[in-house]
Each structure stands twice: as C-alpha cells, then as structure tokens.
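Trainee: Quick note: the sequence shown uses full-length UniProt numbering, first residue 1, plus one each step.
Glycine included, C-beta positions come from ideal geometry on N, C-alpha and C.
Mind having a look at this structure? Questions to follow.
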Amino acid sequence: MTKSLKLYTNPMSRGRIARWMLEEVGQPYEVEVREYGTTMKSPDYLKVNPMGKVPALVHGDDVITECAAICAYLAEAFPEAKLSPDASERASYFRWLFFAAGPLDSAVTNRSAGFEVAPELQRRFGYGSYENAVDTLAYAVSQHDYIAGDRFTAADVYVGMQVGWGLEFGTLDARPEFDAYWGRLKGREALQRASALDDALVKSA
1 MTKSLKLYTN
11 PMSRGRIARW
21 MLEEVGQPYE
31 VEVREYGTTM
41 KSPDYLKVNP
51 MGKVPALVHG
61 DDVITECAAI
71 CAYLAEAFPE
81 AKLSPDASER
91 ASYFRWLFFA
101 AGPLDSAVTN
111 RSAGFEVAPE
121 LQRRFGYGSY
131 ENAVDTLAYA
141 VSQHDYIAGD
151 RFTAADVYVG
161 MQVGWGLEFG
171 TLDARPEFDA
181 YWGRLKGREA
191 LQRASALDDA
201 LVKSA
C-alpha cells in the first residue's frame with residue numbers, strides 16, 4: 001500500500017522549499033496550512049513538530065522536519081525521480097546541502113536580524129562571518145552547473161531557493177555566480193507549479 005504524503009506549511013515560510021521538492025518528486029500529496037502564533041502552536045500540531053513551526057512532512061507514519069532533511073528524504077523515498085546523488089556527486093551533494101542549511105542559513109538570518117559577529121568572536125560561530133559564508137556559497141555554485149555536478153539534484157532545491165530568496169530580498173550580495181546559478185533553476189516546471197500554488201494561498205488568505 002502506498003503511504004500518503006501530507007505537507008504542513010504556510011505560503012509565507014520555508015514551506016515553499018518543501019512544496020518545490022514535492023513537485024519535483026511528482027507524487028500526490030495533501031497540504032494543510034498552519035498559521036503563525038495560532039495553529040502552528042496548537043497541541044495537535046505540536047505532536048507533529050514540537051518546535052511549532054513549518055514545514056513538516058508526514059509520510060505514512062513517519063514525520064520529517066527541517067527543509068534540507070525533507071529534500072534529502074524525498075529524494076531517497078522516491079528514487080524514480082532521480083534526485084539523489086550518484087557516487088560521483090555524493091560528496092558535493094551532502095557538503096553543500098548541509099552548508100546551506102547550517103552556516104549559510106545562520107549567517108544570512110543573523111545578518112537580516114541586525115546581528116553581526118564581532119571579529120574576536122567569529123571562531124565561536126559555525127559561519128565565522130557573513131562575508132565568509134557568502135564567499136563560500138559563491139565558490140560552491142560556480143564549480144559546476146548544479147551544486148553537486150552537471151545535473152539537478154535535491155540539493156539544488158534547497159541551495160537554489162536560498163540563492164533565489166537571497167537575490168529577491170537582498171539578503172545576499174548580487175554576484176554573477178548567484179545570478180547564473182539561479183538562472184538555471186528558476187524556470188523549472190516544478191518550481192513554477194509550486195510557486196503558483198503557494199501564491200494562490202497567499203491571495204486567498
């Protein structure tokens with residue numbers, strides 16, 4: 001029996017990353033929107049994600065949270081989509097997926113909140129400085145057409161959305177490397193479908 005997929009999300013959240021990944025996988029899924037401060041913190045949802053945040057993905061009886069984990073999980077759960085890395089791609093796939101979910105995300109969100117790490121404290125932070133994290137991202141996306149090599153993988157969903165949002169909202173410096181990488185991703189049909197679905201939810205709210 002095929003296990004059902006259910007995405008808990010909000011269209012104004014990182015849930016858009018999970019939605020894009022689900023569209024790439026091409027499997028049917030259900031969506032339940034949770035609202036900030038209310039239904040995200042309700043007792044029933046805290047049983048799904050004790051942090052009270054979205055996205056969360058339920059696959060049968062299994063719960064997956066954190067966008068990078070959702071991307072990697074779906075790639076493995078549905079190998080027919082061919083979004084997992086092959087042997088030659090594994091190192092870069094995991095390296096840059098976890099870099100984007102850890103040091104890069106922390107650097108960008110801290111800076112957008114007005115927090116700057118003092119030089120003498122940088123070794124205490126996984127990203128050191130915002131500039132160091134962004135320089136590293138520029139290196140990562142310039143090594144190949146895609147983050148793990150010459151073809152699109154699940155890691156590009158996560159890294160790609162970080163770059164796309166960074167350029168859209170100005171949380172990343174505009175650089176030719178970012179423009180070129182995002183330019184290879186933004187026209188993907190799965191992303192266009194996912195964006196249209198979430199945009200419709202925003203308009204109906």
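Assuming P55 and L7 make a contact with CB atoms under 8 angstroms, what is their CB distance in whole Å?
Mentor: The count along the sequence shown starts at 1 and reaches residue 55 at position 55. The count along the sequence shown starts at 1 and reaches residue 7 at position 7. In this structure, P55 and L7 form a Cβ contact; the two beta carbons are roughly 6 angstroms apart against a cut-off of 8 angstroms.
Trainee: Given this structure, state the Cα-to-Cα distance separating W96 from V157, to the nearest angstrom.
Mentor: Position 96 of the sequence shown, counted from the first residue, corresponds to residue 96. Position 157 of the sequence shown, counted from the first residue, corresponds to residue 157. The straight-line gap from Cα to Cα measures roughly 12 angstroms.
Trainee: Just the C-alpha distance for A200 and G187, rounded to the nearest angstrom, thanks.
Mentor: In the sequence shown, counting from the first residue as 1, residue 200 sits at position 200. In the sequence shown, counting from the first residue as 1, residue 187 sits at position 187. Rounded to whole angstroms, A200 to G187 spans 19 angstroms at the Cα level.
Trainee: What would DSSP say about K47, mapped onto helix, strand or coil?
Mentor: Looking up residue 47 in the sequence shown gives position 47. DSSP places K47 in coil when its eight states are reduced to three.
Trainee: So Y8 is in the alpha helix (DSSP H); what residue range does that whole segment cover?
Mentor: Counting from one through the sequence shown, the residue named residue 8 turns up at place 8. Careful: Y8 lies outside any alpha helix (DSSP H), inside the beta strand (DSSP E) at 5–9.
Trainee: If we ignore side chains and look at the alpha-carbon of each, how far apart do E30 and T2 end up?
Mentor: Taking the sequence shown and counting its residues from 1, the one referred to as residue 30 is at position 30. Taking the sequence shown and counting its residues from 1, the one referred to as residue 2 is at position 2. Distance between the alpha carbons of E30 and T2: 14 angstroms.
Trainee: Since I believe S92 is in contact with G149 (beta carbons under 8 angstroms), could you give me their beta-carbon distance rounded to a whole number of angstroms?
Mentor: Stepping through the sequence shown from its first residue, residue 149 is reached at position 149. Stepping through the sequence shown from its first residue, residue 92 is reached at position 92. Their Cβ separation, rounded to whole angstroms, is 7 angstroms, which keeps G149 and S92 in contact under 8 angstroms.
Trainee: Secondary structure at G149, three-state DSSP: helix, strand or coil?
Mentor: In the sequence shown, counting from the first residue as 1, residue 149 sits at position 149. Here G149 sits in strand by DSSP.
Trainee: Taking the straight line between their C-alpha atoms, what separation do you get for V141 and R175?
Mentor: As a first step, residue 141 must be located in the sequence shown, where it is residue number 141. As a first step, residue 175 must be located in the sequence shown, where it is residue number 175. When rounded, the distance between both Cα atoms is 11 angstroms.
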